[in-house]
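Using the numbering used here, read the sequence shown as starting at 280 and increasing by one per residue. Input: a single structure, listed below in C-alpha cells.
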Amino acid sequence: MSLTKEIQKRRTFAIIAHPDAGKTTLTEKLLLFGGAIQTAGAVKSNKIDTATKSDWMEIEKQRGISVATSVMGFEYQGVKINLLDTPGHQDFAEDTYRTLTAVDSVIMVIDCVKGVEIQTEKLMEVCRMRNTPVICFINKLDREGRDPYELLDEVEEKLNIQVRPLSWPIGMGKGFKGVYNLYDKKLNLFTPSQRKLSDARETIQNLDDTKLDELIGGNNAMQLREDVELIEGVYPDFDPKEYLEGKVAPVFFGSAVNNFGVNEMLDTFIRIAPSPKSRFTEEREVKPEESKFSGFVFKIHANMDPNHRNRIAFLRIVSGKFERNKPYNHVRGPKPLRFSNVTQFMAQDREIVDEAFPGDIVGLFDTGNLKIGDTMTEGENMTFKGIPSFSPEIFKEVINKDAMKTKQLEKGLKQLMEEGVAQYFTYEMGNRKVVGTVGQLQFEVIQFRLKNEYNASVEFAPMNLYKACWISSKDKKQLDEFIRSKSRHIAYDKDGKVVFMAESRAWLQMVQDNYPEIEFHFTSEF
Ligand code: G4P
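Printed below as a string of C-alpha cells:
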C-alpha cells in the first residue's frame, strides 16, 4: 500500500473527559464496535482510586494497566483507529496535555447531569491552543440530566467553542426514547442494553411522517418536530471544514453504558475526523506524505524495577515510514539510535512491529537515551515544536536528607523530570530547587521512586507559590532589567528557560501592571 493510502486510512485521537463522565465506558464500546474486544468489562479504568492514593503498589498496578492501554489500535470499516488513552486521575493532567500533542482530534465526553466540569475546561484549553478538532459526546442520557439546549449553551460558553448538534435526544432519563440523527435523518430508538451492538434505526426523511408518532408517541413526536425546526433555524449547517479547523464541535447525544449513540458517532467520526496531520518543527512544517521518517517522543513510561532501569518511550510518527532496526538520527543526542524492540498496541495486545506509518504510535524500548520532546529523523536536523509545560499548581522545595547521596538525587530528579513526572525549577538565588506538580500524588511518587530507584532521600517543604510564569519581552533590555530587579523570584526550568515565580494572584497582577512590556505566560509554549 502506498504511503498516502496508509496515511489516509489512519485516525489518531484521544478521548478526554472529567473523571466519571464515561471515558472508560466509551473506550470499551468503541473497541467492541471495532471487534478489538469481545466482551464488555475488558477495558480497565485507569483511574487511580483516591482511597489507594498513597498505596504505592496499588498505584503501580494501576499504572501497569495504564501502560497496557496507552494506545489502543483497532480497525473499523477499513480505517485504522489509534485511540490514545489519557490518565483518569487529574493529578496526572500534564500527561494528558502531552498526549494531546500526539493526536489529530479528540472526542470529549460530557455527563448530561453534571454538564461541563473543570477538568474538561482545562483540557479544552489545550485543544484550542492547537486548533484540535473536537467531537462532543453528551453521555448518560438514560439519566435525568440537564436540558439539552442548556447543555449546548454551557459547552459554548465554558469551552469557548461553537457547537452544532448532529443528533438530538428524544426525552431523557426514564422517558428517554432515542436520538434523531440530524445528519442522516435517521431515528435511532433506545432500548437499554449493555450487550447489544447495533441500534435499530428507522429512516424518517420527513418528520411530518405519521410513522414518527407511532414510533415515539404523539407528544414526543411533536416535541421533536419543534426541536428540529428550532435547531435548524438557530445553528448554521454543519461544515466539516470548520470542524477540521477546530472552530465548530459537532455534538452527539447518547448513553455509552447502553451502547447507545456510540455507533453513529463512530460512523461520523471516521467520515469527518482528520487523517494524520502535519506538524511543525522549529525549522519547517513536516508533512506526513514526506518519504523520510520523522517523529517525536511524547511520553515515557519507566519500569519500576530498579534492577532494570529501562523504559518505554512513546513515539508519534509524523512523516514517512518507520522501520525496526534502522538507525535514525536522534537530533538531541550524540549518536544515531536503532530500535529492535518496537511495539504497537492492537487492542489489548502488545506486538512487535517491523514498520509503522504517520499517525501511528510505537513504543520504543529505551535504556535512558530518550526524553520527552525528543525528535527522531531519517537524517535531517530539526526539532518538533510544542510539547508544552504548563504552570504547576503545587510547589515544594526539595530538601536533601542525605548529603552523601547528592549525586544520586540529582540524577534521579533529572531522570524523573525527563519522564515528565513533574517539573523542576532552580532559583537563581541560592540555587534552591523546587518541584512543581499538578497534584499532591506526584510528590509521593517522586519521594518513593527516588528512594527505591536511586537510593536518595528527600523531603518536600511546602512553598507559598501561586504560579510559575515563563516570561518574555520584545525589549531585551527591559527583560534583563526585570530579571535583575526581581532576582529573588527568578528561576529556571529544566530547559534553562527563565521563569517568574509568582507568590499570589494579586501580586502577579500588580507586577504585570507595573511591567507592561513584560509578557507573562502560563505555558512554556508561546
Ligand atoms: P471515566 O472513565 O470517565 O472516569 O468514567 P467511566 O467510564 O468509568 O464511568 C463512570 C461511571 O459512569 C461508571 O459507573 C459507568 O458505568 C457510568 N456510566 C458510563 N456511561 C453511562 C451511561 O450512559 N449511563 C449511566 N447511567 N451510567 C454510565 P460506576 O458506578 O462508577 O462503575 P460501574 O460499577 O458501573 O462500572
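Even for Gly, the Cβ is constructed at its ideal location relative to N, Cα and C.
>> Going by C-alpha to C-alpha distance, which of Met408, Asn538, Phe593, Glu404 sits closest to leucine 310?
In response: Within the sequence shown, numbered from 1, the residue matching residue 310 stands at position 31. Among Met408, Asn538, Phe593, Glu404, the Cα nearest to that of leucine 310 is on Asn538.
> Which residues does DSSP pair with glycine 715 in a beta bridge?
Replying inline: Taking the sequence shown and counting its residues from 1, one reaches residue 715 at position 436. Answer is Phe674, Gln702.
> What separation, rounded to the nearest whole angstrom, lies between the Cα atoms of isoleucine 762 and alanine 552?
Replying inline: Locating residue 762 in the sequence shown gives position 483, counting from the first residue. Locating residue 552 in the sequence shown gives position 273, counting from the first residue. Cα to Cα, isoleucine 762 sits roughly 45 angstroms from alanine 552.
> Would you say the beta carbon of valine 778 comes nearer than 8 angstroms to a heavy atom of the ligand G4P?
Replying inline: As a first step, residue 778 is located in the sequence shown; it is residue number 499 there, counting from the start. No, Cβ of valine 778 sits at least 8 angstroms from all heavy atoms of the ligand G4P.
> So, is glycine 512 buried or exposed, given that buried needs 16 or more other C-beta atoms within 10 angstroms?
Replying inline: Reading the sequence shown from its first residue, position 233 is the one you call residue 512. Burial call: exposed.
> For proline 298, is the beta carbon positioned less than 8 angstroms from some heavy atom of the ligand G4P?
Replying inline: Counting from 1 along the sequence shown, the entry for residue 298 is found at position 19. Answer for proline 298: yes, Cβ within range of the ligand G4P.
> CB of alanine 535 to nearest heavy atom of the ligand G4P: below 8 angstroms?
Replying inline: Taking the sequence shown and counting its residues from 1, one reaches residue 535 at position 256. Indeed, a heavy atom of the ligand G4P lies less than 8 angstroms from the Cβ.
> Can you find a heavy atom of the ligand G4P that lies under 8 angstroms from the Cβ of phenylalanine 539?
Replying inline: Position 260 of the sequence shown holds residue 539. The answer is yes for phenylalanine 539.
>> So for aspartate 792, helix, strand or coil by DSSP?
In response: For the purposes of this step, residue 792 is taken as residue 513 along the sequence shown, with counting starting at 1. DSSP places aspartate 792 in helix when its eight states are reduced to three.
>> Please tell me whether lysine 765 and valine 790 are closer than 9 angstroms, where the distance is taken between their beta carbons.
In response: On the sequence shown, residue 765 is found 486 positions in, with the first residue counted as 1. On the sequence shown, residue 790 is found 511 positions in, with the first residue counted as 1. Yes, Cβ-Cβ distance for lysine 765 and valine 790 is below 9 angstroms.
>> Between the alpha carbons of serine 573 and leucine 545, how many angstroms are there, rounded?
In response: For the purposes of this step, residue 573 is taken as residue 294 along the sequence shown, with counting starting at 1. For the purposes of this step, residue 545 is taken as residue 266 along the sequence shown, with counting starting at 1. Answer to the nearest angstrom: the Cα atoms are 29 angstroms apart.
> What span of residues does the beta strand (DSSP E) with tyrosine 607 cover, start to end?
Replying inline: Along the sequence shown, read from residue 1 onward, the residue named residue 607 stands at position 328. No beta strand (DSSP E) contains tyrosine 607, which DSSP labels as neither H nor E.
>> Restricting to Cα atoms, I'd like to know which of Arg504, Gly533, Lys556 is closest to leucine 523.
In response: What you label residue 523 is simply residue 244 of the sequence shown in a count that begins at 1. Residue Lys556 is the option with its Cα nearest to leucine 523.
> In angstroms, rounded to a whole number, what distance separates the CA positions of lysine 690 and tyrosine 733?
Replying inline: In the sequence shown, counting from the first residue as 1, residue 690 sits at position 411. In the sequence shown, counting from the first residue as 1, residue 733 sits at position 454. So the alpha carbons of these two residues sit roughly 8 angstroms apart.
> Would the beta-carbon of asparagine 467 be found less than 8 angstroms away from any heavy atom of the ligand G4P?
Replying inline: As a working note, residue 467 is residue 188 in the sequence shown. No, the ligand G4P has no heavy atom inside 8 angstroms of this Cβ.
> So what's cysteine 391 in DSSP terms, helix, strand or just coil?
Replying inline: Taking the first residue of the sequence shown as position 1, residue 391 is located at position 112. Coil at cysteine 391, not helix or strand.
> Quick one: what's got a C-beta closer than 8 angstroms to asparagine 648's C-beta in the same chain, skipping five residues either side?
Replying inline: Residue mapping note: residue 648 aligns to position 369 of the sequence shown, counting from 1. Here the set comprises His609, Gly612, Leu616.
>> If you follow the alpha helix (DSSP H) that asparagine 542 is in, where does it begin and where does it stop?
In response: One-based indexing of the sequence shown puts residue 542 at position 263. Where asparagine 542 is concerned, the enclosing alpha helix (DSSP H) stretches over 541-551.
> Count the other CB atoms within 10 Å of the CB of lysine 684; is the residue buried (16 or more) or exposed (fewer)?
Replying inline: One-based indexing of the sequence shown puts residue 684 at position 405. When all chains shown are included, lysine 684 counts as buried.
> Is it the case that the CB of threonine 378 approaches a heavy atom of the ligand G4P more closely than 8 angstroms?
Replying inline: Taking the sequence shown and counting its residues from 1, the one referred to as residue 378 is at position 99. Checking the Cβ of threonine 378 against the ligand G4P gives no.
>> Can you list, in chain order, the residues of its chain with a C-beta nearer than 7 angstroms to that of asparagine 410? Leave out the 5 residues immediately preceding and following it.
In response: For this step, residue 410 is matched to residue 131 along the sequence shown. Here the set comprises Glu524, Gly525.
> In or out: lysine 419 buried (at least 16 other Cβ within 10 Å) or exposed?
Replying inline: Along the sequence shown, one-based indexing puts residue 419 at 140. Label assigned to lysine 419: buried.
> Do three or more CB pairs link the segment 485-501 to the segment 423-432 at distances below 8 angstroms?
Replying inline: The segment 485-501, when compared against the segment 423-432, does not touch it at the 8 angstroms Cβ threshold.
> glutamate 634 by DSSP, collapsed to three states: which one?
Replying inline: On the sequence shown, position 355 is the one that residue 634 refers to. Note: glutamate 634 maps to strand in three-state DSSP.
>> Quick check: what's the CA-CA separation for arginine 728 versus proline 366?
In response: Counting from 1 along the sequence shown, the entry for residue 728 is found at position 449. Counting from 1 along the sequence shown, the entry for residue 366 is found at position 87. If you draw a straight line from the Cα of arginine 728 to the Cα of proline 366, it is about 19 angstroms long.
> Would DSSP call isoleucine 666 helix, strand or coil?
Replying inline: Residue 666 sits at position 387 when you count from the first residue of the sequence shown. Isoleucine 666 falls in the coil class under three-state DSSP.
>> Which residue wins for smallest C-alpha separation from isoleucine 417, given the options Phe674, Val405, Asp432?
In response: Position 138 of the sequence shown, counted from the first residue, corresponds to residue 417. Residue Asp432 is the option with its Cα nearest to isoleucine 417.
> Under three-state DSSP, which class holds glycine 496?
Replying inline: The count along the sequence shown starts at 1 and reaches residue 496 at position 217. The answer is coil: DSSP assigns glycine 496 none of H, G, I, E or B.
>> Using a 10 Å radius around the Cβ and a threshold of 16 neighbouring Cβ atoms, would you call tryptophan 749 buried or exposed?
In response: For this step, residue 749 is matched to residue 470 along the sequence shown. Result: buried.
>> At the level of alpha carbons, what is the spacing between glutamate 564 and lysine 664?
In response: Numbered from 1 along the sequence shown, position 285 holds the residue referred to as residue 564. Numbered from 1 along the sequence shown, position 385 holds the residue referred to as residue 664. Between glutamate 564 and lysine 664, the C-alpha separation is close to 10 angstroms.
>> For the beta strand (DSSP E) containing glutamate 354, name the first residue and the last one.
In response: Along the sequence shown, one-based indexing puts residue 354 at 75. Residues 350-355.
> If you draw a straight line from the alpha carbon of valine 458 to that of glycine 540, how long is it in whole angstroms?
Replying inline: Translated into positions along the sequence shown, residue 458 becomes position 179. Translated into positions along the sequence shown, residue 540 becomes position 261. Their Cα atoms are separated by approximately 7 angstroms.
> Among Pro667, Pro637, Glu798, Val632, which one has its Cα closest to the Cα of phenylalanine 644?
Replying inline: One-based indexing of the sequence shown puts residue 644 at position 365. Distance from the Cα of phenylalanine 644 is smallest, within the candidate group Pro667, Pro637, Glu798, Val632, for Val632.
>> isoleucine 389 and glycine 313 - do their beta-carbons sit closer together than 9 angstroms?
In response: Working through the sequence shown from its first residue, we reach residue 313 at position 34. Working through the sequence shown from its first residue, we reach residue 389 at position 110. Their beta carbons are not under 9 angstroms apart, which means glycine 313 does not touch isoleucine 389 by this criterion.
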